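Working notes, beginning with the structure itself.
In my numbering, the protein residues as written are 12 to 102.
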């Protein structure tokens, strides 16, 4: 059994998933203060990116919202950073 197999998927931890989504969002240039959800969803789920699952994305997104890092627009198609990324990533 490898070390990777023993510790589980990296984004099974909701805090790790939320932090990674915050990092991805920080790397996107917002349009009118909003970030298209697919700009963080695609690299998080991509086989060449984070290789996470849909459940990990949902848990991470909810965690980032609960921590006050991201706001999800009512439509579900946009998120918004609540503070400058440097401040949020320093926490």
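Cβ coordinates follow ideal geometry from the N, Cα and C atoms, glycine included.
Here the structure is a predicted model, which is why all the values come from computation and not from measurement.
Through-space distance from residue j to residue i, alpha-carbon basis
| i | j | result |
| --- | --- | --- |
| residue 67 | residue 88 | 18 angstroms |
| residue 36 | residue 46 | 7 angstroms |
| residue 72 | residue 41 | 17 angstroms |
| residue 78 | residue 43 | 23 angstroms |
| residue 95 | residue 34 | 12 angstroms |
| residue 82 | residue 62 | 24 angstroms |
| residue 86 | residue 48 | 10 angstroms |
| residue 23 | residue 58 | 16 angstroms |
| residue 76 | residue 98 | 16 angstroms |
Other residues of its chain near residue i: CB distance less than 7 angstroms, five sequence neighbours each side excluded
| i | result |
| --- | --- |
| residue 21 | 27 |
Paired residues, beta bridge with residue i - DSSP
| i | result |
| --- | --- |
| residue 82 | 91 |
Among the options, the one whose alpha carbon lies nearest that of residue i
| i | options | result |
| --- | --- | --- |
| residue 39 | 75, 76 and 91 | 91 |
| residue 29 | 80, 53 and 64 | 80 |
6 angstroms CB neighbourhood of residue i in its chain, flanking five on each side removed
| i | result |
| --- | --- |
| residue 51 | 32, 35 and 36 |
| residue 25 | 70 and 74 |
| residue 16 | Bear in mind that the predicted position of residue 16 carries a pLDDT of just 49, short of 50, making it unreliable; the figure below should be weighed with that in mind. Result list for residue 16: empty, nothing under 6 angstroms. |
Every unbroken beta strand (DSSP E) inside the segment 29–53 [3 residues or more]: If we require 3 residues or more, the segment 29–53 turns out to have no beta strand (DSSP E) run fully inside it.
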